[in-house]
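Counting in my numbering, the sequence shown runs from 138 upward without gaps.
Every residue gets a Cβ at the ideal spot worked out from N, C-alpha and C, and that includes glycine.
Notes follow once the structure below has been shown.
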Amino acid sequence: MKIHPTRKSIKGHYGKKGRTVYVHTGIWHNKETGEIHISGPTEEKLISTVSNKKGLRYHPNLYKKLKKILKRESCW
Numbered sequence: 138m139k140i141h142p143t144r145k146s147i148k149g150h151y152g153k154k155g156r157t158v159y160v161h162t163g164i165w166h167n168k169e170t171g172e173i174h175i176s177g178p179t180e181e182k183l184i185s186t187v188s189n190k191k192g193l194r195y196h197p198n199l200y201k202k203l204k205k206i207l208k209r210e211s212c213w
């Protein structure tokens, strides 16, 4: 199965041109570091991490939402 890495929205609000891009992404939890990794099959080699610990990758709101998804899918 071929995965298309991105897809653009066709139309936006109030009949304006859509500016949203949907990116096929993968997320996983690293038990050793506690970070959540985010990756996507784009030409730019999208890969990043998010953490709930103070520091460069600190983003408690995004971390909480991604953690909820991982737990729901039994991947925590």
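Per DSSP, Tyr200 lies in no beta strand (DSSP E); the unbroken alpha helix (DSSP H) holding it starts and ends at 197-209.
DSSP places Ser176 inside the beta strand (DSSP E), whose first and last residues are 173-176.
For Gly163, the enclosing beta strand (DSSP E) stretches over residues 163-166. Distances from the alpha-carbon of Arg194 to those of Glu210, Thr170, Gly152, Val160 put Thr170 closest.
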